[in-house]
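**Student:** Mind having a look at this structure? Questions to follow.
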Amino acid sequence: MDAVIYLRVSTKEQAAKGDSDEGYSIPAQREACLRYIVERGWNVADEFVDAGESARTADRPALKQMLRRLAEGDVGAVVVHKIDRLARSMEDHVAIRAALRRSGVQLVSVTENIEETASGRLVEGIHALMAEFYSANLASEIRKGMDQKAKMGGWPTRAPIGYLNVREKQAGKEMAKVILDPDRALLVREAFRLYGTGEYSLPELQAAMHAKGLTSPFKPGNPVSVSKIAEMLANPFYVGIVAWNGVRYPGQHKALVSENLFSRVQDVLRAHDIAGVRQRRHDHYLKGVLYCGECGRRLSLTLAKGKYLYFYCLGQRGPAKTGCREPYVLAGDAEAAVEDLYRRVQLPASWVEKLSEELEAEIVERQAEASEGRVVLTKKLARLADERQKLLRAFYANAIPLELLKAEQDRISREEQAGRSELDVTEQDLSGWQDVLGIAIRLAGNCHRAYLKARPSVRRRFNEAVLEAVYVKDRKIARAEFSEVFAPLFSRPSSNKRLKVELPGIEPGSPDVVAGLLRA
């Protein structure tokens, strides 16, 4: 009799690894089915494999192909390793079984006894129901596991763009976690910053970020779709929050953007949604910088009587309005207020000189510490390599058991990884930071004069480099928040405190716009 074999594993990952959820890989299933056929003297007419296909649906390529082949009438039996390889839905099992009977084909399970009798069909039905119960119960347990992981601050599914899913060993167990994607994290942060200015629609942001190198992690080289960018900008995961099934939990991952920036982006998203994501009607170099000192919403622009340009709080219009009654501000008044802000924060010449000296001293000190650290870490890595060799020699000499060897190798690997990570940090070149902060210090000592002379396009770049947000209340500046580079410079110490330059905890390549201001 001619027989065909049907094989299946549930996921593409299982197919790639060569295992399955029950521990039987495609090769293992095939071997068991072939042995069964050979023992009965049957012939193998064909083999059908669904690798990475769920049995909860009958919409499987190889299964459909097999059913078409059976309809030709030249096959006597379908051999499977277990009934649940064929289906895990009772409804699908009955439909597939009916198709087999119409074609006069016998169903054979290598591990289960199926007979074409009343009792045999009862046993087969029980096996099919058990498969459906197992599938439903497994799905329920998976959901519970995902809920529990979210409660603990983990991310249950594929990490959002800008992050990566990794597995690390902790206390002898392999643990899943989410880390920053070194290729995309800074670009994602830049996307938030640009959109938070209010100067970009979503399609414009997509084009700008693709030009900067942000590509889809799923389709390398292709831009991230507009819908995915919108989803990204609205996801609180980027501020360290795990939002799962309508509940928000503190996440274990590292936040990529500040809560202030995320809030601004949400305001822009709402404003664009109200406006139908249309192109900008009015432009100004202060747009995206000014915020309401009363309710915190962004200030937008409107033209009154065809000639007067005003800034107004977005909380006053549309379905997202907050009832804010902060008065409109003439664009000219806002310009003058920001000019005065730069006058008030500009550093005295004596401070610039002292800060430059402090910066040079700080860099020298950091480089000396880094040099000492490199010596210590290099010796540590050499010691660990020697330990590894001694362990292997002891194992080959039967002086230690295999379990001890594995445990010690794991320990050495962890220590080596930690040591290399520390070494990478000590080898970072601080000269780039010295250049950037030197420029920032000189600019902080000349910001008012330079700002007054700058044309509007350069003023926009000034504000992007120096300011995070300027809050306006009663038509006056209530407070200002500065960027990470400039915040330490404009936080003036009291006269009895030593001036100190702090190296910001951001990537040295981030403030390129600061250097660009001098060229402008």
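Positions 245 to 764 (the working numbering) are the ones given, in order, by the sequence shown.
Ideal Cβ placement from N, Cα and C applies to all residues, glycine included.
Note that the coordinates shown come from a computational prediction; the quantities given were computed from them, not determined experimentally.
Under the assumption that leucine 667 contacts glutamine 653 (Cβ atoms under 8 Å), give the Cβ distance between them as a whole number of angstroms.
**Tutor:** Between glutamine 653 and leucine 667 the Cβ distance is about 20 Å, and since that is not below 8 Å, they are no contact.
**Student:** With DSSP run on the structure shown, which of helix, strand or coil describes alanine 698?
**Tutor:** In this structure, alanine 698 counts as coil in the three-state DSSP scheme.
**Student:** DSSP puts valine 486 in a beta bridge; with which residues?
**Tutor:** Tyr493, per the DSSP bridge assignment.
**Student:** Is it buried or exposed for leucine 696, if we count other Cβ within 10 angstroms and need 16 for buried?
**Tutor:** Exposed: under 16 other Cβ atoms inside 10 Å.
**Student:** Assign lysine 413 to one of two classes, buried (16 or more other C-beta atoms within 10 Å of its C-beta) or exposed (fewer than that).
**Tutor:** Result: exposed.
**Student:** By DSSP, does phenylalanine 436 sit in helix, in strand, or in coil?
**Tutor:** Phenylalanine 436 falls in the helix class under three-state DSSP.
**Student:** Would you give the residue range spanned by the alpha helix (DSSP H) that cysteine 277 belongs to?
**Tutor:** Unbroken alpha helix (DSSP H) run through cysteine 277: 270–283.
**Student:** The alpha helix (DSSP H) spanning alanine 247 covers which residue range?
**Tutor:** It is not in any alpha helix (DSSP H) - alanine 247 instead sits in the beta strand (DSSP E) that spans 246–253.
**Student:** Taking the straight line between their C-alpha atoms, what separation do you get for valine 468 and leucine 500?
**Tutor:** The straight-line gap from Cα to Cα measures roughly 18 Å.
**Student:** Rounded C-beta distance between leucine 545 and leucine 553? I'm assuming under 8 Å.
**Tutor:** Contact flag correct, Cβ pair sits at about 6 Å.
**Student:** Out of Arg437, Gly398, Gly440, point me to the one whose CA is closest to isoleucine 423's CA.
**Tutor:** Comparing Cα-Cα distances from isoleucine 423 to each of Arg437, Gly398, Gly440, the minimum goes to Gly398.
**Student:** Is it true that the stretch 558–573 meets the stretch 456–471, where meeting means three or more beta-carbon pairs spaced less than 8 Å apart?
**Tutor:** No, the stretch 558–573 is not in contact with the stretch 456–471.
**Student:** On the premise that valine 248 lies in contact with valine 322, defined as a C-beta separation below 8 Å, what is that separation, rounded to the nearest angstrom?
**Tutor:** Confirmed, about 6 Å.
**Student:** Tell me which same chain residues have a C-beta within less than 8 Å of the C-beta of arginine 587, skipping the five on either side of it?
**Tutor:** The answer, listed in chain order, is His692.
**Student:** Compute the Euclidean distance between the alpha carbons of glutamate 659 and leucine 591, then round it to the nearest angstrom.
**Tutor:** Taking the straight line from one Cα to the other gives about 46 Å.
**Student:** What residues in its chain sit with their C-beta under 7 Å from that of glycine 320, if we drop five residues either side in the sequence?
**Tutor:** Excluding residues within five positions, the ones whose Cβ falls inside 7 Å are Met245, Asp246, Ala247, Val349, Gln350.
**Student:** Fully enclosed by the stretch 709–738, which beta strand (DSSP E) runs are 3 residues long or longer?
**Tutor:** Listed in chain order, the complete beta strand (DSSP E) runs (minimum 3 residues) inside the stretch 709–738 are 711–717, 720–726.
**Student:** Does the beta-carbon distance from arginine 492 to aspartate 511 come in below 7 Å?
**Tutor:** No, these two residues do not count as a Cβ contact at 7 Å.
**Student:** Determine the closest residue to alanine 331 out of Ala429, Gly285, Ala306, with distance taken between C-alpha atoms.
**Tutor:** When only C-alpha atoms are compared, the closest one is Ala306.
**Student:** Look at the Cβ atom of phenylalanine 436, then the Cβ atom of valine 324, and state whether they are nearer than 7 Å.
**Tutor:** No.
**Student:** By DSSP, does tyrosine 529 sit in helix, in strand, or in coil?
**Tutor:** Looking at tyrosine 529 - three-state DSSP - the assignment turns out to be coil, as it is neither helix nor strand.
**Student:** Any idea what DSSP makes of aspartate 294, helix, strand or coil?
**Tutor:** Residue state, collapsed to three classes: strand.
**Student:** Here's the rule I'm using: 16 or more other beta-carbon atoms within 10 Å means buried, otherwise exposed. How should glutamine 633 be labelled?
**Tutor:** By the neighbour-count rule (16 or more Cβ atoms within 10 Å), glutamine 633 is not buried but exposed.
**Student:** Looking at tyrosine 407 and aspartate 425, is the spacing between their C-beta atoms short of 7 Å?
**Tutor:** For aspartate 425 and tyrosine 407, yes; Cβs fall inside 7 Å.
**Student:** Given a threshold of 16 other Cβ atoms within 10 Å of its Cβ, counted over all protein chains shown, does arginine 627 qualify as buried or as exposed?
**Tutor:** Arginine 627 comes out exposed.
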